[in-house]
Ligand code: F3S
């Protein structure tokens with residue numbers, strides 16, 4: 013079977029950087045705690061747990077004095093302060109693109125702008141960014157929820173930024189709607205370049221293959237977006253977490269397959285998938 017791999021695809025700069033820092037610390041210390049899963053990929057997390065990684069959900073579950081790793085999604089300033097107070101050492105793996113979004117939120121808030129974040133309010137990155145805002149802040153997943161997000165208030169000015177893995181169209185739609193109802197809108201497009209490049213690569217691939225396999229963790233926001241983009245581009249697409257989930261019946265009538273992987277899908281899983289597809 014002909015296999016075309018989206019380019020770029022797979023591990024993004026921020027996750028690769030964080031995992032390298034985490035692995036180096038594990039080598040040195042033998043045990044490292046992580047606040048939340050350091051990568052949205054269960055297979056990779058299992059591999060790191062075998063090296064001494066311990067994942068906890070809340071800061072108060074971290075025993076005093078241990079080494080704590082802050083994942084690429086970052087945390088709020090309040091959580092970071094508590095981590096410094098509690099732990100012997102804090103390794104900050106916050107992605108520089110997330111850091112930029114946090115800084116933008118803080119600047120907007122300091123300058124008196126109510127802050128809107130276009131994203132998923134349950135996502136840890138967004139929860140962390142919210143912690144940088146003093147004053148009105150709301151999370152809007154898409155244009156249809158804008159009025160609800162503004163809570164019926166008529167602001168004279170609003171600052172808006174995006175979750176780093178947001179789809180560009182969703183962000184633009186919210187910005188366009190805001191411009192129609194708020195006199196002053198300050199926009200920071202904080203979608204990271206790794207996300208934009210991966211989304212464009214899937215669009216391009218869609219027209220040249222018979223189907224697209226998107227691989228990535230079920231809990232990976234950017235993988236979900238790649239899958240949606242593949243479908244919206246008119247391609248037949250499936251989303252798998254591991255090569256074992258391949259549906260050979262679905263593949264049977266397809267002469268060429270495109271492959272895309274979320275920003276937290278490790279290289280070794282992508283290699284395994286390519287090998288299996290090329291054998292068909
Ligand atoms: Fe960073 Fe973008 Fe990856 S924000 S963690 S480079 S998806």
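In my numbering, the protein residues as written are 13 to 292. Ideal Cβ placement from N, Cα and C applies to all residues, glycine included. Just so we're clear, the structure is a prediction, and the values are computed from it rather than from any experiment.
Residue burial annotation: residue 84 is buried, with at least 16 other C-beta atoms found within 10 angstroms of its C-beta. Ordered along the chain, residues surrounding ligand 1 are 24, 25, 26, 27, 84, 107, 109, 110, 176, 177, 204, 206, 207, 234, 275 [Cβ under 6 angstroms from any heavy atom]. For residue 14, the enclosing beta strand (DSSP E) starts and ends at 14-17.
A straight line joining the alpha-carbon of residue 52 with that of residue 228 spans about 8 angstroms. A residue is called buried once 16 or more other Cβ atoms fall within 10 Å of its Cβ, and residue 96, having fewer, is exposed. For residue 207, no beta strand (DSSP E) encloses it; the enclosing alpha helix (DSSP H) starts and ends at 205-218. Annotation for residue 224: no alpha helix (DSSP H) segment contains it, though the beta strand (DSSP E) segment containing it runs 223-227. In this structure, residue 197 keeps its C-beta atom at 8 angstroms or more from the C-beta atom of residue 186. Look at the region 94-164 and you find these whole runs of alpha helix (DSSP H), each 4 residues long or longer: 108-122, 136-142, 158-162.
Nearest neighbour of residue 134 by Cα position, chosen from 150, 40, 121, turns out to be 150. Residue 181: member of the alpha helix (DSSP H) spanning 180-193, first to last residue.
In summary, residue 232 is buried, with 16 or more beta-carbon neighbours lying within 10 Å of its beta-carbon over all protein chains present. Distance check between residue 189 and each of 162, 226, 209 places 162 closest, using alpha-carbon atoms only. Just measuring C-alpha positions, the residue of 270, 250, 272 sitting nearest residue 262 is 250. With a beta-carbon spacing of about 5 angstroms, residue 41 and residue 79 fall inside the 8 angstroms limit used to define contacts. The three-state secondary structure of residue 23, taken from DSSP, is coil. Secondary structure of residue 33 (DSSP, three-state): helix. By the criterion of at least three beta-carbon pairs nearer than 8 angstroms, the region 164-176 is in contact with the region 121-131. In the DSSP assignment, residue 198 falls within the unbroken beta strand (DSSP E) covering 196-200.
If you ignore the 5 residues before and after residue 243, its C-beta comes within less than 8 angstroms of the C-beta of 249, all in its own chain and listed in chain order.
Annotation: residue 70 to residue 144 spans about 19 angstroms, alpha carbon to alpha carbon.
For a cut-off of 8 angstroms, the C-beta gap from residue 215 to residue 241 is around 6 angstroms, short enough to register as a contact.
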